[in-house]
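This report concerns only the one structure given below.
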Amino acid sequence: MKNRSLVSINDFSKEEILHILDLAEEFEANPNQKLLEGKVVGSLFFEPSTRTRLSFETAINRLGGRVVGFSDSASSSATKGESLKDTIQMVSRYADLIVMRHPLEGSARYASEQSLVPVINAGDGANQHPTQTMLDLYSIRKTQGKLDDLNIFLVGDLKYGRTVHSLLMALSNFNPTFHFVSPEELRMPREYKLFLEEHGIPYYEHGELSEIIDEADIIYMTRVQKERFSDPMEYERVKNAYVLKRNMLVKTKENMRVLHPLPRVNEIHTDVDASPKAYYFDQARNGVYARMALIAAVMGLK
Amino acid sequence: MASSKELKVSAIENGTVIDHIPSENLFKVITILGLDKISTQVTFGANLDSKKQGRKAIIKVSEVFFQDHEINKISLVAPHARLNVIKNFEVVEKSDVTIPDTIVGIVKCFNPKCVTNNEAVTTHFKVINKKDVALRCHYCEKITTQEELRFEAS
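Which chain is which? The protein sequence lines are A and B, in order.
Using the numbering used here, read the first sequence as starting at 10 and increasing by one per residue.
Using the numbering used here, read the second sequence as starting at -17 and increasing by one per residue.
In structure tokens:
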């Protein structure tokens, strides 16, 4: 994978995904490896993202590399009207690797074509966020001991949720059964359901969280945002139907884990945090290992 | 020509006749093929009677012979177009257009948040359905369908 950019999870074969997960496991066992000693990483965040940026910077620092860059476009030359192409042309002459978050969809693919060095997509609008998908897969494998044959519940905003779409595509390599729990307005888009049907992957749609979650191996929660609703009354009507509370977990499988890409607002009640089934903070930590693995792979260091 | 049928668009000695173009897309075909920028004789007619389509358009271009990859660019706007290659007033070859596997330029991505609609980037699509026309953007990965097809101004 050396010198290859990471733009979309759809570019990864099943074998490549498993290889990255194995690498992440190595980094978890031994998180400080100075493989990036003497290397400079350009960290270009054209829109703010605290979690993703800190996670990447932690990964780079643990690998012994150094970071240059900006954390929102207000402090970049994009405000002076510089094109993305010119910014990438320039930074790829300074740095050994580029990590980029950009609000335009497809910007990461375009940057990878303009850059002299590998580009890692840290989110391009509503399109792709492959390092998030990789850490989700890592978290699922780590907690379940496998990726195959799992009952995966995706809950909340399934229409606009970039993370759930990428996760769905990646998991489709591993014979899953999906359950989609969402309000009518935020249901899983038709193109993804068609994809599942074409691949013979079963899925079920539910209007609310109920005892059906007792079958779950993984419950993946997402935020239901008010601004996604055309009718604010509808939001008020449904908002409480997608809040996970601790008493709902009583009959769920012992080994079931609750995941969330974070930030959480109110969709997971804080009383869940102390449950051994809550995994979202550990999931965030796994992001550092997954990103170390991806950086090492594209730099040809592992 | 034994037939008494009047030729509405005059014949050419050497060149290419593009027939069975939907009338409403005549000028798109002209733009896509760059016929507005060439120096040889171009004649065209629109709203001509057609047994196949009701109304059709036709273009006759003198001294120009198209490569397949050039002519296939019009397949999205004129999927049933037929080419007649003319040498010395005779049709020497006929061919149909086919939709290629990838389309570079010509079409705009339907997604307003796509990088191609916001920066100076040439569009690039993979054709995922040739029958109903569905194009997947190489950049934003969103699908543009037949009803959503818009063409780049050139």
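Backbone N, C-alpha and C define an ideal beta-carbon position, used for all residues, glycine too.
If you're wondering where the values come from, they're calculated on a predicted model, not measured in any experiment.
Local Cβ density within 10 Å of residue i, reported as buried at 16 or more and exposed below that
i	result
A:Asp133	buried
A:Glu25	exposed
A:Lys43	exposed
A:Ser175	buried
A:Phe290	exposed
A:Asp145	buried
A:His188	buried
A:Asn12	exposed
A:Ser124	buried
A:Met242	exposed
A:Gly309	exposed
A:Gly90	exposed
A:Asn264	exposed
B:Phe71	exposed
A:Ile222	buried
B:Thr98	buried
B:His51	exposed
A:Asn19	exposed
A:Ala305	buried
B:Thr105	buried
A:Asn249	exposed
A:Asn256	exposed
A:Ala38	exposed
A:Ala299	buried
Chain B within 9 Å of residue i, Cβ atoms only
i	result
A:Asn184	no
A:Asn70	no
A:Gly115	yes
A:Pro241	no
A:Asn19	yes
A:Gln141	no
A:Gln137	yes
A:Pro127	no
A:Pro272	no
A:Pro211	no
A:Pro112	yes
Residue i and residue j closer than 9 Å at C-beta
i	j	result
A:Asp158	A:Asn182	no
A:Ile107	A:Asn160	no
A:Val164	A:Leu218	yes
A:Tyr103	A:Glu34	no
B:Val(-1)	B:Ile40	yes
B:Cys96	A:Leu113	yes
B:Val115	B:Val109	yes
A:Met301	A:Pro40	yes
A:Val267	A:Ser284	yes
A:Ala179	A:Thr152	no
A:Met109	A:Asn136	no
A:Ser80	B:Glu101	no
A:Ala117	A:Ser22	no
B:Val59	B:Phe133	yes
Short CB-CB distance (under 9 Å) between residue i and chain A
i	result
B:Val103	yes
B:Glu129	no
B:Ser(-15)	Bear in mind that the predicted position of B:Ser(-15) carries a pLDDT of just 49, short of 50, making it too unreliable to give a figure here.
Partners in chain A for residue i, counting only beta-carbon separations shorter than 7 Å
i	result
B:His120	Arg118
Partners in chain B for residue i, counting only beta-carbon separations shorter than 8 Å
i	result
A:Gly134	Lys95, Cys122
Within chain A, the residues that residue i reaches when beta carbons sit closer than 9 Å
i	result
B:Ile125	Glu200
Any non-hydrogen atom of the ligand FAD closer than 8 Å to residue i Cβ
i	result
A:Tyr201	Among the components modelled here there is no ligand, and therefore nothing to report on the ligand FAD.
When Cβ atoms are compared, which residues of the region 87 to 103 of chain A fall closer than 9 Å to chain B?
-> Ser92, Leu93, Lys94
For the region 73 to 100 of chain B, which residues have a CB atom closer than 9 Å to at least one CB atom of chain A, in sequence order?
-> Cys91, Asn93, Lys95, Cys96, Val97, Thr98, Asn99, Asn100
Which residues, in order along the region 161 to 181 of chain A, keep a beta-carbon less than 7 Å from a beta-carbon of chain B?
-> none
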